[in-house]
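Just below is one structure, and these are the notes that go with it.
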Amino acid sequence: MIDNKYVFGGVEVQKGQKVTINLELPKLYSTPTKLPIRVIRGKKDGPMVFISAAIHGDELNGIEIIRRLRKLNILNRLKGTIVLVPIVNVYGIMTLSRYLPDRRDLNRSFPGSTKGSLASRIAKIFFDEVLVKCDLGIDLHTGAIHRSNLPQVRTNIKDERAFALAKAFEAPIVLHSDLRDGSLRASALENDTPVLLYEAGEALRFDEKSIRIGVKGIVNVLREFDMLPKMTKKRAYKTPIVSRNSNWIRANGSGMLRTVKALGDTVTQGEIIAYIDEPLDDDSLEIKATFDGVIIGKSQIPLVQEGDAVFHIAKLKDLEVAENKIEYFSEDAIEQSEFVELNNEEVIE
1 MIDNKYVFGG
11 VEVQKGQKVT
21 INLELPKLYS
31 TPTKLPIRVI
41 RGKKDGPMVF
51 ISAAIHGDEL
61 NGIEIIRRLR
71 KLNILNRLKG
81 TIVLVPIVNV
91 YGIMTLSRYL
101 PDRRDLNRSF
111 PGSTKGSLAS
121 RIAKIFFDEV
131 LVKCDLGIDL
141 HTGAIHRSNL
151 PQVRTNIKDE
161 RAFALAKAFE
171 APIVLHSDLR
181 DGSLRASALE
191 NDTPVLLYEA
201 GEALRFDEKS
211 IRIGVKGIVN
221 VLREFDMLPK
231 MTKKRAYKTP
241 IVSRNSNWIR
251 ANGSGMLRTV
261 KALGDTVTQG
271 EIIAYIDEPL
281 DDDSLEIKAT
291 FDGVIIGKSQ
301 IPLVQEGDAV
311 FHIAKLKDLE
321 VAENKIEYFS
331 EDAIEQSEFV
341 ELNNEEVIE
(Lines of atoms letter the chains of each structure in order from A; the text may use other names.)
(Lines give C-alpha, C1' and ligand atoms only; values in the text may rest on other atoms or scores of the structure.)
Protein backbone atom coordinates (compact mmCIF):
# COMPACT_ATOMS: atom_id res chain seq x y z
CA MET A 1 0.00 0.00 0.00
CA ILE A 2 1.37 3.42 -0.97
CA ASP A 3 1.82 5.93 1.84
CA ASN A 4 1.04 9.30 0.22
CA LYS A 5 3.22 11.08 2.77
CA TYR A 6 6.24 9.70 0.95
CA VAL A 7 4.98 10.44 -2.57
CA PHE A 8 6.43 13.56 -4.19
CA GLY A 9 5.42 14.54 -7.71
CA GLY A 10 3.96 11.07 -8.17
CA VAL A 11 7.19 9.35 -7.11
CA GLU A 12 7.15 7.15 -4.00
CA VAL A 13 10.32 7.18 -1.90
CA GLN A 14 11.03 3.91 -0.09
CA LYS A 15 12.94 3.45 3.16
CA GLY A 16 16.68 3.82 2.68
CA GLN A 17 16.33 5.63 -0.65
CA LYS A 18 17.82 8.95 -1.77
CA VAL A 19 15.83 10.25 -4.72
CA THR A 20 15.95 13.44 -6.78
CA ILE A 21 12.52 14.46 -8.04
CA ASN A 22 11.58 17.29 -10.40
CA LEU A 23 8.23 18.81 -9.47
CA GLU A 24 6.29 20.38 -12.33
CA LEU A 25 6.03 24.17 -12.26
CA PRO A 26 4.21 26.59 -14.58
CA LYS A 27 6.09 27.05 -17.83
CA LEU A 28 8.32 30.07 -18.34
CA TYR A 29 6.61 31.21 -21.55
CA SER A 30 6.95 28.02 -23.63
CA THR A 31 9.86 26.54 -21.65
CA PRO A 32 9.16 23.70 -19.18
CA THR A 33 10.24 24.56 -15.63
CA LYS A 34 10.92 22.17 -12.75
CA LEU A 35 11.39 22.46 -9.01
CA PRO A 36 14.16 19.96 -8.10
CA ILE A 37 14.03 18.38 -4.66
CA ARG A 38 16.15 15.68 -3.03
CA VAL A 39 14.34 13.31 -0.68
CA ILE A 40 16.49 11.32 1.72
CA ARG A 41 14.49 8.71 3.62
CA GLY A 42 16.21 6.82 6.40
CA LYS A 43 15.92 3.11 6.98
CA LYS A 44 14.05 3.79 10.22
CA ASP A 45 10.84 5.75 10.64
CA GLY A 46 11.00 9.20 12.18
CA PRO A 47 10.00 12.82 11.60
CA MET A 48 10.07 14.54 8.21
CA VAL A 49 11.91 17.85 7.87
CA PHE A 50 12.21 20.16 4.88
CA ILE A 51 15.27 22.34 4.35
CA SER A 52 14.71 25.08 1.78
CA ALA A 53 16.81 27.83 0.25
CA ALA A 54 16.61 30.60 -2.36
CA ILE A 55 12.94 31.37 -1.83
CA HIS A 56 14.40 34.73 -2.82
CA GLY A 57 16.38 34.14 -5.99
CA ASP A 58 19.37 36.30 -5.03
CA GLU A 59 20.00 34.59 -1.67
CA LEU A 60 22.66 32.02 -2.48
CA ASN A 61 24.32 30.88 0.77
CA GLY A 62 21.57 28.37 1.48
CA ILE A 63 22.12 26.60 -1.85
CA GLU A 64 25.72 25.86 -0.86
CA ILE A 65 24.66 24.86 2.65
CA ILE A 66 22.30 22.24 1.21
CA ARG A 67 24.93 21.03 -1.27
CA ARG A 68 27.40 20.38 1.54
CA LEU A 69 24.77 18.93 3.84
CA ARG A 70 23.59 16.28 1.38
CA LYS A 71 27.18 14.98 1.00
CA LEU A 72 27.58 14.13 4.70
CA ASN A 73 27.95 10.44 5.37
CA ILE A 74 26.15 10.83 8.68
CA LEU A 75 22.90 11.10 6.72
CA ASN A 76 23.25 7.35 6.10
CA ARG A 77 22.23 7.04 9.75
CA LEU A 78 19.19 9.22 9.37
CA LYS A 79 16.03 8.26 11.24
CA GLY A 80 13.13 9.77 9.37
CA THR A 81 13.14 11.82 6.17
CA ILE A 82 14.62 15.11 5.02
CA VAL A 83 13.40 16.97 1.94
CA LEU A 84 16.08 19.23 0.46
CA VAL A 85 14.85 22.10 -1.71
CA PRO A 86 17.97 24.08 -2.66
CA ILE A 87 16.24 26.51 -5.04
CA VAL A 88 12.60 27.30 -4.33
CA ASN A 89 12.48 30.36 -6.58
CA VAL A 90 13.87 28.79 -9.75
CA TYR A 91 12.61 31.72 -11.83
CA GLY A 92 14.32 34.37 -9.71
CA ILE A 93 17.68 32.64 -9.59
CA MET A 94 17.93 32.64 -13.39
CA THR A 95 18.03 36.44 -13.29
CA LEU A 96 19.62 36.73 -9.80
CA SER A 97 16.44 38.45 -8.65
CA ARG A 98 14.79 38.34 -5.25
CA TYR A 99 11.41 38.31 -6.95
CA LEU A 100 9.48 36.35 -9.55
CA PRO A 101 9.00 37.57 -13.14
CA ASP A 102 5.72 39.24 -12.09
CA ARG A 103 7.65 41.15 -9.36
CA ARG A 104 5.85 39.31 -6.58
CA ASP A 105 7.63 38.08 -3.46
CA LEU A 106 7.22 34.30 -3.22
CA ASN A 107 7.59 34.54 0.56
CA ARG A 108 4.43 36.63 0.75
CA SER A 109 2.36 34.26 -1.40
CA PHE A 110 1.72 31.22 0.85
CA PRO A 111 -0.24 28.98 1.15
CA GLY A 112 -0.94 29.75 -2.47
CA SER A 113 -3.68 28.82 -4.91
CA THR A 114 -3.98 26.75 -8.07
CA LYS A 115 -5.87 29.63 -9.68
CA GLY A 116 -3.84 32.59 -8.43
CA SER A 117 -0.79 34.47 -9.69
CA LEU A 118 2.44 32.77 -10.73
CA ALA A 119 3.79 33.29 -7.21
CA SER A 120 0.61 31.86 -5.69
CA ARG A 121 0.73 28.77 -7.91
CA ILE A 122 4.39 28.04 -7.05
CA ALA A 123 3.64 28.51 -3.35
CA LYS A 124 0.72 26.08 -3.64
CA ILE A 125 2.94 23.42 -5.24
CA PHE A 126 5.54 23.75 -2.48
CA PHE A 127 2.85 23.78 0.20
CA ASP A 128 1.08 20.65 -1.07
CA GLU A 129 4.10 18.62 -2.17
CA VAL A 130 6.46 19.44 0.69
CA LEU A 131 5.25 21.55 3.60
CA VAL A 132 2.06 19.71 4.62
CA LYS A 133 3.99 16.45 4.94
CA CYS A 134 6.67 17.79 7.27
CA ASP A 135 6.99 18.06 11.04
CA LEU A 136 9.61 20.83 10.91
CA GLY A 137 11.11 23.22 8.41
CA ILE A 138 14.44 25.07 8.18
CA ASP A 139 14.33 27.95 5.71
CA LEU A 140 17.69 29.45 4.68
CA HIS A 141 18.08 33.15 3.89
CA THR A 142 20.66 35.93 3.58
CA GLY A 143 20.46 39.67 3.96
CA ALA A 144 19.06 41.66 1.06
CA ILE A 145 21.29 42.96 -1.72
CA HIS A 146 24.04 45.21 -0.27
CA ARG A 147 23.10 44.19 3.29
CA SER A 148 24.89 41.58 5.36
CA ASN A 149 23.53 39.65 8.33
CA LEU A 150 25.31 38.13 11.30
CA PRO A 151 24.36 34.42 11.44
CA GLN A 152 21.09 34.26 13.35
CA VAL A 153 18.02 32.08 13.75
CA ARG A 154 14.63 33.74 13.75
CA THR A 155 11.56 32.09 15.18
CA ASN A 156 8.69 32.57 17.58
CA ILE A 157 10.45 32.16 20.92
CA LYS A 158 7.04 31.89 22.61
CA ASP A 159 6.71 28.49 20.91
CA GLU A 160 8.65 26.18 23.21
CA ARG A 161 9.30 23.60 20.48
CA ALA A 162 10.65 26.13 18.02
CA PHE A 163 12.67 27.99 20.66
CA ALA A 164 14.41 24.81 21.86
CA LEU A 165 15.36 23.87 18.29
CA ALA A 166 16.49 27.42 17.51
CA LYS A 167 18.88 27.31 20.46
CA ALA A 168 20.11 23.87 19.42
CA PHE A 169 21.14 25.32 16.03
CA GLU A 170 23.88 27.22 17.92
CA ALA A 171 23.98 30.32 15.76
CA PRO A 172 25.29 33.39 17.62
CA ILE A 173 21.82 34.99 17.83
CA VAL A 174 18.26 33.74 18.32
CA LEU A 175 15.87 36.55 17.45
CA HIS A 176 12.16 36.55 18.13
CA SER A 177 10.33 37.23 14.89
CA ASP A 178 6.61 37.84 14.50
CA LEU A 179 4.82 36.15 11.63
CA ARG A 180 4.19 37.96 8.35
CA ASP A 181 1.05 37.34 6.35
CA GLY A 182 1.70 35.15 3.33
CA SER A 183 5.10 33.96 4.53
CA LEU A 184 6.20 30.35 4.42
CA ARG A 185 6.61 30.39 8.19
CA ALA A 186 3.10 31.72 8.82
CA SER A 187 1.50 29.11 6.56
CA ALA A 188 3.58 26.35 8.12
CA LEU A 189 2.37 27.31 11.60
CA GLU A 190 -1.23 26.96 10.42
CA ASN A 191 -0.23 23.41 9.51
CA ASP A 192 1.29 23.01 13.02
CA THR A 193 4.77 22.86 11.47
CA PRO A 194 7.34 25.06 13.22
CA VAL A 195 9.90 26.67 10.92
CA LEU A 196 13.34 28.00 11.82
CA LEU A 197 14.57 30.82 9.62
CA TYR A 198 18.37 30.99 9.32
CA GLU A 199 19.65 34.40 8.19
CA ALA A 200 23.34 34.84 7.40
CA GLY A 201 25.51 36.73 4.96
CA GLU A 202 24.61 38.90 1.99
CA ALA A 203 22.61 38.41 -1.20
CA LEU A 204 24.59 37.34 -4.31
CA ARG A 205 27.63 36.39 -2.20
CA PHE A 206 28.95 33.21 -0.57
CA ASP A 207 30.15 33.71 3.00
CA GLU A 208 32.22 30.79 4.25
CA LYS A 209 31.62 31.25 7.95
CA SER A 210 27.87 31.64 7.43
CA ILE A 211 27.84 28.48 5.32
CA ARG A 212 29.77 26.44 7.88
CA ILE A 213 27.58 27.62 10.77
CA GLY A 214 24.52 26.77 8.65
CA VAL A 215 25.63 23.21 7.86
CA LYS A 216 26.66 22.55 11.43
CA GLY A 217 23.48 24.14 12.76
CA ILE A 218 21.21 21.95 10.66
CA VAL A 219 23.05 18.84 11.85
CA ASN A 220 22.62 20.08 15.45
CA VAL A 221 18.88 20.54 14.93
CA LEU A 222 18.48 17.08 13.36
CA ARG A 223 20.29 15.62 16.38
CA GLU A 224 18.04 17.55 18.76
CA PHE A 225 15.02 16.29 16.79
CA ASP A 226 16.27 12.72 17.34
CA MET A 227 16.89 12.13 13.62
CA LEU A 228 20.68 11.81 13.83
CA PRO A 229 22.80 10.15 16.53
CA LYS A 230 24.14 12.33 19.31
CA MET A 231 27.83 13.08 19.50
CA THR A 232 29.65 10.75 21.84
CA LYS A 233 32.51 13.18 22.34
CA LYS A 234 31.57 15.86 24.84
CA ARG A 235 31.97 19.46 23.74
CA ALA A 236 31.07 22.87 25.04
CA TYR A 237 27.55 23.92 24.12
CA LYS A 238 27.43 27.34 22.47
CA THR A 239 24.56 29.16 24.14
CA PRO A 240 23.21 31.76 21.73
CA ILE A 241 22.28 35.31 22.62
CA VAL A 242 18.50 35.65 22.73
CA SER A 243 16.85 38.92 21.72
CA ARG A 244 13.13 39.58 21.80
CA ASN A 245 13.14 42.51 19.40
CA SER A 246 15.33 44.55 17.08
CA ASN A 247 15.31 47.81 15.14
CA TRP A 248 17.09 49.44 12.22
CA ILE A 249 19.10 52.60 12.82
CA ARG A 250 18.61 54.94 9.87
CA ALA A 251 20.81 57.60 8.32
CA ASN A 252 20.10 61.10 9.65
CA GLY A 253 21.53 62.71 6.52
CA SER A 254 22.90 61.99 3.06
CA GLY A 255 26.50 61.51 1.95
CA MET A 256 29.39 59.07 2.40
CA LEU A 257 28.89 56.51 5.16
CA ARG A 258 31.93 55.79 7.35
CA THR A 259 31.14 53.00 9.81
CA VAL A 260 33.10 52.41 13.01
CA LYS A 261 31.24 49.29 14.12
CA ALA A 262 31.04 45.85 12.53
CA LEU A 263 28.68 42.87 12.57
CA GLY A 264 28.71 41.24 15.98
CA ASP A 265 29.86 44.36 17.83
CA THR A 266 27.96 45.34 20.94
CA VAL A 267 26.85 48.98 21.22
CA THR A 268 25.53 51.14 24.02
CA GLN A 269 22.85 53.79 23.84
CA GLY A 270 24.35 57.05 22.61
CA GLU A 271 27.52 55.44 21.24
CA ILE A 272 28.72 56.65 17.83
CA ILE A 273 28.44 53.82 15.30
CA ALA A 274 29.03 55.70 12.03
CA TYR A 275 29.65 59.07 10.44
CA ILE A 276 28.17 60.66 7.33
CA ASP A 277 30.64 62.84 5.44
CA GLU A 278 30.54 65.19 2.48
CA PRO A 279 33.47 64.92 0.04
CA LEU A 280 34.26 68.67 0.21
CA ASP A 281 33.03 69.45 3.72
CA ASP A 282 34.96 68.97 6.96
CA ASP A 283 31.83 68.56 9.07
CA SER A 284 30.44 65.09 9.77
CA LEU A 285 27.08 63.88 10.96
CA GLU A 286 27.18 61.33 13.77
CA ILE A 287 24.95 58.26 13.79
CA LYS A 288 24.43 56.99 17.32
CA ALA A 289 22.92 53.84 18.76
CA THR A 290 19.52 54.57 20.28
CA PHE A 291 19.61 51.55 22.60
CA ASP A 292 21.93 48.84 23.94
CA GLY A 293 22.38 45.82 21.72
CA VAL A 294 24.43 43.86 19.22
CA ILE A 295 24.75 44.61 15.50
CA ILE A 296 23.14 41.78 13.53
CA GLY A 297 22.84 43.47 10.14
CA LYS A 298 24.42 46.35 8.29
CA SER A 299 24.46 48.17 4.98
CA GLN A 300 27.45 47.44 2.78
CA ILE A 301 27.07 50.56 0.62
CA PRO A 302 29.19 53.62 1.54
CA LEU A 303 26.69 55.98 -0.11
CA VAL A 304 23.55 56.77 1.88
CA GLN A 305 20.47 58.91 1.53
CA GLU A 306 18.67 60.32 4.53
CA GLY A 307 16.39 57.63 5.96
CA ASP A 308 18.36 54.66 4.60
CA ALA A 309 18.62 51.68 6.94
CA VAL A 310 22.24 51.46 8.09
CA PHE A 311 22.51 49.13 11.12
CA HIS A 312 20.16 46.41 12.34
CA ILE A 313 20.56 46.07 16.11
CA ALA A 314 19.13 43.36 18.34
CA LYS A 315 18.15 44.79 21.71
CA LEU A 316 19.95 43.31 24.71
CA LYS A 317 20.14 43.85 28.44
CA ASP A 318 23.48 42.26 29.38
CA LEU A 319 26.12 43.56 26.96
CA GLU A 320 29.09 42.04 28.78
CA VAL A 321 27.68 38.52 28.48
CA ALA A 322 26.74 39.15 24.86
CA GLU A 323 30.22 40.38 23.98
CA ASN A 324 31.83 37.29 25.47
CA LYS A 325 29.47 35.00 23.58
CA ILE A 326 30.05 36.73 20.26
CA GLU A 327 33.82 36.43 20.74
CA TYR A 328 33.39 32.72 21.52
CA PHE A 329 31.43 32.15 18.32
CA SER A 330 33.88 34.19 16.29
CA GLU A 331 36.84 32.14 17.48
CA ASP A 332 35.26 28.70 17.23
CA ALA A 333 32.63 28.90 14.49
CA ILE A 334 34.66 26.98 11.94
CA GLU A 335 36.67 24.72 14.23
CA GLN A 336 37.31 21.58 12.17
CA SER A 337 37.21 19.20 15.12
CA GLU A 338 33.53 19.94 15.67
CA PHE A 339 32.69 18.65 12.21
CA VAL A 340 33.93 15.13 12.85
CA GLU A 341 30.88 12.89 12.90
CA LEU A 342 30.27 9.63 14.76
CA ASN A 343 32.22 6.48 13.86
CA ASN A 344 34.71 8.30 11.62
CA GLU A 345 31.99 9.81 9.46
CA GLU A 346 32.90 12.41 6.87
CA VAL A 347 34.39 15.72 7.96
CA ILE A 348 32.62 18.81 6.65
CA GLU A 349 35.01 20.52 4.28
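Mapping of the sequence shown onto my numbering: position 253 corresponds to residue 253, and the numbering continues sequentially without gaps.
The beta carbon of each residue, even a glycine, is placed where N, CA and C say it ideally should be.
Computed from a predicted model, the values in this text were never measured in an experiment.
Exclusion of the five residues before and after Val-130 leaves Phe-50 and Val-83 as the residues of its chain whose Cβ lies within less than 6 Å of its Cβ. Straight-line spacing of the CA atoms in Arg-70 and Ile-241 works out to 29 Å. Residue pairing by DSSP places Gly-297 opposite Asn-149 and His-312 in a beta bridge.
Lys-298 is classed as buried because its beta carbon has at least 16 other beta carbons within 10 Å across all chains shown. Distance from the CA atom of Ile-218 to the CA atom of Asp-181, rounded to whole angstroms, is 26 Å. Here Pro-194 is buried. Its C-beta has 16 or more other C-beta atoms within 10 Å. For Asp-128, the uninterrupted alpha helix (DSSP H) segment begins and ends at 118–129. In the three-state reduction of the DSSP assignment, Tyr-237 falls in the coil class, being assigned neither a helical nor a strand state.
Look at the stretch 132–219 and you find these whole runs of alpha helix (DSSP H), each 4 residues long or longer: 160–169 and 184–190.
The closest CA to that of Pro-279, considering only Thr-290, Gly-143, Arg-258 and Lys-209, is found on Arg-258.
Taking Thr-33 as reference, the option from Arg-235, Asn-107 and Gly-92 with the minimal CA-CA separation is Gly-92. For the pair Asn-247 and Leu-184, the Cα-to-Cα distance works out to about 22 Å. Residue pairing by DSSP places Glu-278 opposite Asp-281 in a beta bridge.
Within the stretch 74–117, the complete beta strand (DSSP E) runs of at least 3 residues fall at 79–85. Taking Lys-216 as reference, the option from Ile-87, Ile-272, Arg-98 and Pro-151 with the minimal CA-CA separation is Pro-151.
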